[in-house]
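Now the structure itself:
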């Protein structure tokens with residue numbers, strides 16, 4: 001996203017406030033009318049800017065969508081880090097990892113903001129923010145496993161990389177907004193059951 | 001599907017051969033041209049039957065799609081049962097369960113027959129065949145866990161229902177064609193890693 005932001009910043013005035021205003025208005029607009037079937041013209045008309053003015057700040061509709069998506073994913077990551085910091089043990093961190101991703105993902109993409117199709121596009125089209133989010137989740141999984149192994153909470157027979165990859169696979173249906181969408185009603189409970197299974201798999 | 005078949009059978013001549021011919025031709029047709037964006041008229045024209053004649057046997061395009069989907073899922077279930085029968089232990093059955101679903105699902109819906117959007121519709125719209133398939137997989141998971149617990153291969157502290165529900169959740173991304181589609185390239189390896197994690201979670 002850093003690269004993306006730099007590119008976009010060179011396109012228009014260095015007024016971040018206007019960029020932020022457009023993003024906030026676009027988020028509101030896409031929540032109501034969807035992302036896939038609307039155009040930059042529709043958006044411009046609705047927020048009272050000219051299409052040309054919006055194009056001074058963003059190269060395409062997707063670029064606006066990517067910023068919105070990145071903001072949502074950053075929000076989820078921040079909630080996750082706050083929850084992990086408060087967890088006293090690696091076992092507790094695993095529980096929080098599954099629970100926070102399920103709850104925050106459901107809320108941010110589906111209940112509060114209803115950015116369904118931004119979430120879907122980001123995952124389906126591997127937007128940079130989505131790829132970066134995946135990478136950061138893999139890092140988080142690895143860090144929790146390392147801490148748990150060091151503290152003697154988790155087994156050490158299985159190669160660390162193998163365990164980390166498998167735990168991430170179990171987590172993915174909750175972390176990927178596209179997959180999360182198919183289990184919104186049960187995501188919270190699914191998260192508890194999956195975390196419990198993963199914790200049993202990590203027993204020394 | 002039994003109910004569905006009865007309904008359809010009462011609509012037209014009791015000639016199952018013609019039904020089967022239509023299904024076979026439709027499978028071929030949808031593999032090439034997709035399911036969502038084609039009509040019964042398109043299909044009729046392509047196979048040289050009148051639209052009215054096809055409607056003697058099937059109430060709607062979806063009804064044809066459901067039979068095709070049911071056939072695919074039956075095929076997967078048969079492959080799965082054959083693989084499970086050959087597995088000497090419950091642990092081996094868990095491995096086969098994950099592996100067979102991943103491989104057979106990829107082949108039947110995506111590589112050999114390319115019935116992507118029938119698979120997607122069946123899962124998204126909860127077609128009877130898809131629901132029945134899910135139920136039968138839950139039963140298979142439960143049976144393997146019971147056998148493994150009786151044989152002393154699996155732990156017995158966790159309530160059986162809880163373990164079964166969690167194992168099914170881990171299996172779901174491979175069993176659900178809609179979710180499988182997003183990981184076709186890695187499904188085989190994902191299946192091994194997930195099965196290994198599940199087996200570790202079941203250790204006594």
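Protein chains in written order, with the UniProt record's numbering: chain A, 1 to 204; chain B, 1 to 204.
Even for Gly, the Cβ is constructed at its ideal location relative to N, Cα and C.
Quick check: the Cα distance between residue i and residue j, rounded to an integer number of angstroms?
i                      : j                      : result
residue 205 of chain B : residue 46 of chain B  : Within the shown structure, residues of chain B are numbered from 1 to 204, placing residue 205 of chain B beyond reach of any answer.
residue 51 of chain A  : residue 195 of chain A : 47 Å
residue 137 of chain B : residue 110 of chain B : 20 Å
residue 140 of chain A : residue 95 of chain A  : 13 Å
residue 114 of chain B : residue 180 of chain B : 13 Å
residue 167 of chain A : residue 198 of chain A : 7 Å
residue 23 of chain B  : residue 58 of chain B  : 10 Å
residue 12 of chain B  : residue 79 of chain B  : Because residue 12 of chain B carries a pLDDT of 49, less than 50, the predicted location of this residue cannot be relied on, and the following value inherits that uncertainty. Their Cα atoms are separated by approximately 32 Å.
residue 133 of chain A : residue 143 of chain A : 15 Å
residue 63 of chain A  : residue 28 of chain A  : 16 Å
residue 92 of chain A  : residue 76 of chain A  : 18 Å
residue 55 of chain A  : residue 26 of chain A  : 13 Å
residue 88 of chain B  : residue 31 of chain B  : 37 Å
residue 48 of chain B  : residue 39 of chain B  : 14 Å
residue 162 of chain B : residue 135 of chain B : 16 Å
residue 112 of chain A : residue 147 of chain A : 34 Å
residue 97 of chain A  : residue 43 of chain A  : 36 Å
residue 182 of chain B : residue 85 of chain B  : 30 Å
residue 21 of chain B  : residue 15 of chain B  : 10 Å
residue 189 of chain A : residue 53 of chain B  : 48 Å
residue 17 of chain A  : residue 126 of chain A : 28 Å
Which residues in chain B sit within 8 Å of residue i, going by Cβ to Cβ distance?
i                      : result
residue 179 of chain A : 173, 179 and 182
residue 114 of chain A : Result: empty, since nearest Cβ-Cβ is about 18 Å, beyond 8 Å.
What does residue i touch in chain A if you count any residue whose Cβ is under 7 Å from its own?
i                      : result
residue 196 of chain B : 166
residue 149 of chain B : Going along chain A, no residue has its Cβ under 7 Å from residue 149 of chain B, so there is no contact; the nearest lies around 14 Å.
Going by the CB atoms, is the gap between residue j and residue i shorter than 8 Å?
i                      : j                      : result
residue 187 of chain B : residue 72 of chain B  : no
residue 171 of chain B : residue 101 of chain B : yes
residue 90 of chain B  : residue 153 of chain B : yes
residue 164 of chain B : residue 99 of chain B  : no
residue 159 of chain A : residue 120 of chain A : no
residue 204 of chain B : residue 173 of chain A : no
residue 193 of chain B : residue 145 of chain A : no
residue 200 of chain A : residue 201 of chain B : yes
To which residues of the same chain is residue i closer than 7 Å at the C-beta, ignoring the five residues directly before and after it?
i                      : result
residue 129 of chain B : 1, 66, 69, 70, 73 and 122
residue 184 of chain B : 106 and 110
Keeping to the same chain, check which residues put their C-beta closer than 6 Å to that of residue i; ignore five residues upstream and five downstream.
i                      : result
residue 117 of chain A : 34, 35 and 36
residue 149 of chain A : 156
residue 19 of chain A  : 57
residue 175 of chain A : 101 and 137
Would you mind telling me which residues of chain D sit closer than 8 Å to residue i, beta carbon to beta carbon, in chain order?
i                      : result
residue 193 of chain B : Absent from the structure: chain D. Protein chains present are A and B.
Cβ closer than 7 Å: which chain B residues qualify as neighbours of residue i?
i                      : result
residue 190 of chain A : 169
residue 138 of chain A : Residues of chain B passing the Cβ test: none, with the nearest at roughly 13 Å.
Quick one: residues in its chain with C-beta nearer than 8 Å to the C-beta of residue i, no 5 flanking neighbours on either side, listed in chain order?
i                      : result
residue 104 of chain B : 75, 76, 79 and 80
residue 151 of chain A : 89 and 90
residue 41 of chain A  : 51
In chain A, what lies closer than 8 Å to residue i by C-beta?
i                      : result
residue 100 of chain B : Near residue 100 of chain B there are no residues of chain A at all, since even the closest Cβ is about 17 Å away, more than 8 Å.
residue 79 of chain B  : Those do not exist, as residue 79 of chain B stays about 23 Å from chain A at its closest Cβ, beyond 8 Å.
residue 39 of chain B  : Chain A residues near residue 39 of chain B: none, gap ~23 Å exceeds 8 Å.
residue 91 of chain B  : What residue 91 of chain B touches in chain A: nothing, since even the nearest Cβ is about 14 Å away.
Taking C-beta pairs closer than 9 Å, name the residues in chain A that residue i reaches, listed in chain order.
i                      : result
residue 122 of chain B : Those within 9 Å of residue 122 of chain B in chain A number zero; the least Cβ separation is about 13 Å.
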